[in-house]
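S.K.: Protein chains in written order, with this note's numbering: chain A, 16 to 130; chain B, 20 to 127.
C-beta: ideal position from N, C-alpha, C; glycine also.
In this text the structure is predicted, and so the values were computed from the model without any measurement.
Got a structure here, written out as C-alpha cells. Questions coming.
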Amino acid sequence: SQTIHQWPATLVQPVGSPLSLECTVEGTSNPNLYWYRQAAGRGLQLLFYSVGIGQISSEVPQNLSASRPQDRQFILSSKKLLLSDSGFYLCAWGGPGTGGVYEQYFGPGTRLTVT
Amino acid sequence: QKEVEQNSGPLSVPEGAIASLNCTYSDRVSQSFFWYRQYSGKSPELIMSIYSNGDKEDGRFTAQLNKASQYVSLLIRDSQPSDSATYLCAVGFQKLVFGTGTRLLVSP
C-alpha cells in the first residue's frame, strides 16, 4: 500500500529565514505530487503540482518554490519567509485509487508558524 | 474562476441521526467529485469519490451527485460522535478545487 511522509511535523521559523519541507511517497511509481497550504480558517490552496521529475507547475505567485529531484520526493522551499507563509502545508499524491480511478491522498502535514 | 461552495456550519445532529452535507460547484465540465474528512489539527482523509450521476454508498456514507444542478452531497447515516469533523468537498480531476468545508458536530 502507498504511504506518504512529511517532515518536519511542526516548525517555527522567524521572518526572513529560509524554508525546506520534504515529502516522500512509498509504494507507488511516477505519482503526481502536490503541495497545498491551508491557512487558519481557510480552505486548501494548491501551490504546486508535479507530473514527473523536474516538472513543476506553480499555481499561485508567491515567494515559495518547489522541486522534484526524485520520482517520489517533493520539496517545498523558500529563501525568505513572510508572516503570511504561516499555515498547514500538505503534500498529496495522486494516482489510481480503489477501483482504478484517479484520487488524491494527503500526507500528515507540516504546521509552519512564522514569527 | 472555478468555485466550490459549502455551508461552513456547524451542522449539529444528535447521535444516530442522518447528517446531510451539501456542496455546489461552478465548473459544468467537472468530472470527479470527492469528500474528505478532516479532524481538527489533522490532514484530510479521502472518504468518498463519485463520478456518475446518482448515489454511491459505502458503509454509513452515501455520496449523491447531480451534474445538471451542479450539486454533490454526502449523507452520513447513524451519525456517531467520532464523525465530528470538518468535511471538505473537492471537484476536479488531476487538479482539485476544494470548498472551505462544513463543520459537523454529533452530540451523544
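Could you tell me how far apart the beta carbons of G124/A and Y117/A are, in whole angstroms, since I believe they sit closer than 8 angstroms?
M.R.: G124/A to Y117/A, Cβ: 22 angstroms. No contact.
S.K.: How would you label W146/A, buried or exposed, when you count the other beta carbons within 10 angstroms and need 16 or more for buried?
M.R.: Because chain A spans 16 through 130 in this model, residue 146/A falls outside it and cannot be assessed.
S.K.: Under the three-state reduction of DSSP, which class applies to T119/B: helix, strand or coil?
M.R.: If DSSP states are grouped into helix, strand and coil, T119/B belongs with coil.
S.K.: Using a Cβ-Cβ cutoff of less than 6 angstroms, which residues in the same chain neighbour L59/A once the five nearest sequence positions on both sides are dropped?
M.R.: Correct list, in chain order: Y51, Q53.
S.K.: Is it buried or exposed, Q50/B, if we count other Cβ atoms within 10 angstroms and call 16 or more buried?
M.R.: If you draw a 10 Å sphere on the C-beta of Q50/B, you find fewer than 16 other C-beta atoms in it, and that means exposed.
S.K.: Give a yes or no on whether the C-beta atoms belonging to V32/B and S98/B are separated by under 7 angstroms.
M.R.: Yes, the pair counts as a contact, with Cβ atoms nearer than the cut-off.
S.K.: List, in order along the chain, the chain A residues whose C-beta lies closer than 7 angstroms to that of S62/B?
M.R.: L105, F121, G122, P123, G124
S.K.: Within the continuous beta strand (DSSP E) that includes S93/A, where are the two ends?
M.R.: 88-93
S.K.: Would you say the stretch 34-49 of chain B touches the stretch 86-96 of chain A, given that touching needs at least three Cβ pairs under 8 angstroms?
M.R.: Remark: fewer than three beta-carbon pairs, one from each stretch, lie closer than 8 angstroms, so the stretch 34-49 of chain B and the stretch 86-96 of chain A are not flagged as touching.
S.K.: Where does V48/B land, buried or exposed, given buried means 16+ other C-beta within 10 angstroms?
M.R.: V48/B is exposed by the Cβ-count criterion.
S.K.: Does the stretch 101-112 of chain B come close enough to the stretch 52-68 of chain B that 3 or more CB-CB pairs lie under 8 angstroms?
M.R.: yes
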